[in-house]
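Okay, structure first, notes after.
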Amino acid sequence: STLPFMKAVAVFLSLLATAHAFSVLPATPSSSRVSPSVVPCCNRLTSARTPALRSIGRTTMMATPPIDTPAPDFDLPSDSGTNLSLKSLRGKWVVVYFYPKAFTAGCTCQAEAYQQDIGEFRTQNCEVVGISTNPLEKIKEFKEAYGLSFPMLSDREGAVVESYGAAIKLPFVGTFANRFTFIVDPKGVLRASFGNPDPKMDSIVSFARLMELQNPK
């Protein structure tokens, strides 16, 4: 009948959208930033998508919280074995970045770039926090494999991802984190956001924006 066929088409389109949203190619640890000519970064849903995929993107993307309003709080399991909340980081600037999937090429070069710059962020009283819907065990393996020293959190239910408007909800597949970055000030107020940042440049752009926010003209 027509109904099973339509369901099959929906599942196929969802899986295809997932493949376009983030690469499943494994990445290799390195001590330096990954050159785009060597390792392709995660593909993202763009205007080049087919009409069917564009339709899925329109119906599943959400609005991000307004700038200069309280950032949505979170209290999530971390790789350290304890929960970490945004409220516990009051008094510090916080870069919160959402990424789709550990061990994919784009997500790896993004994390490595933040690790390379983490000292600079911390000299500016800023912590970096990575969040995805990946299982905690996979996040622990990811952090250990690439020597990441900043907190990585697991939002398995996708509630925090949704509260930041960074969720991709795919029918018959589930909820994933789209690539989004937010900067929260020491009072817990959202001061900047970036949608679909270049994984290789996200850390640099975030640090530059942090400096602008800390040193307004």
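Numbering-wise (my numbering), the sequence shown opens with residue 2 and increments by one. We put the beta carbon where it would ideally sit given N, CA and C, even for glycine.
Can you check whether the CB of residue j is closer than 7 angstroms to the CB of residue i?
i: Asn-179; j: Ala-167; result: yes
i: Asp-76; j: Ile-140; result: no
i: Leu-149; j: Ala-112; result: yes
i: Ser-204; j: Pro-73; result: no
i: Pro-101; j: Leu-137; result: no
Could you tell me the distance, in whole angstroms, from the CA atom of residue i to the CA atom of residue j?
i: Tyr-115; j: Pro-172; result: 32 angstroms
i: Ile-132; j: Lys-188; result: 20 angstroms
i: Ser-207; j: Glu-128; result: 12 angstroms
i: Phe-99; j: Val-162; result: 8 angstroms
i: Leu-1; j: Asp-199; result: The question about residue 1 has no answer here: the residues shown for the chain are numbered 2 through 218.
i: Glu-158; j: Glu-213; result: 34 angstroms
i: Thr-83; j: Thr-134; result: 17 angstroms
i: Thr-124; j: Gly-175; result: 38 angstroms
i: Asn-126; j: Lys-218; result: 20 angstroms
i: Leu-211; j: Lys-170; result: 30 angstroms
How close, in whole Å, do the beta carbons of residue i and residue j come, if the pair is a contact with beta carbons under 8 angstroms?
i: Phe-177; j: Phe-195; result: About 18 angstroms separates the two Cβ atoms, so there is no contact after all.
i: Phe-151; j: Ile-119; result: 6 angstroms
i: Lys-201; j: Cys-110; result: 5 angstroms
Taking buried to mean at least 16 other C-beta atoms within 10 Å of its own C-beta, is residue i buried or exposed?
i: Val-190; result: exposed
i: Asp-69; result: exposed
i: Asn-216; result: exposed
i: Ser-155; result: buried
i: Val-25; result: Residue placement at Val-25 is poorly supported in this model, since its pLDDT is 38, which falls under 50; the coordinates are not used for a value here.
i: Ala-106; result: buried
i: Lys-144; result: buried
Notebook entry, point to check: At what residue ranges does the segment 70-97 contain a whole run of the alpha helix (DSSP H), taking only runs of 4 or more?
Noted result: Taken in chain order, no unbroken stretch of alpha helix (DSSP H) lies wholly in the segment 70-97 with a span of 4 residues or more.
Checklist line | Those runs of the beta strand (DSSP E) which lie wholly inside the segment 93-157 and span at least 3 residues | finding: Listed in chain order, they are 94-99, 127-133 and 153-155.
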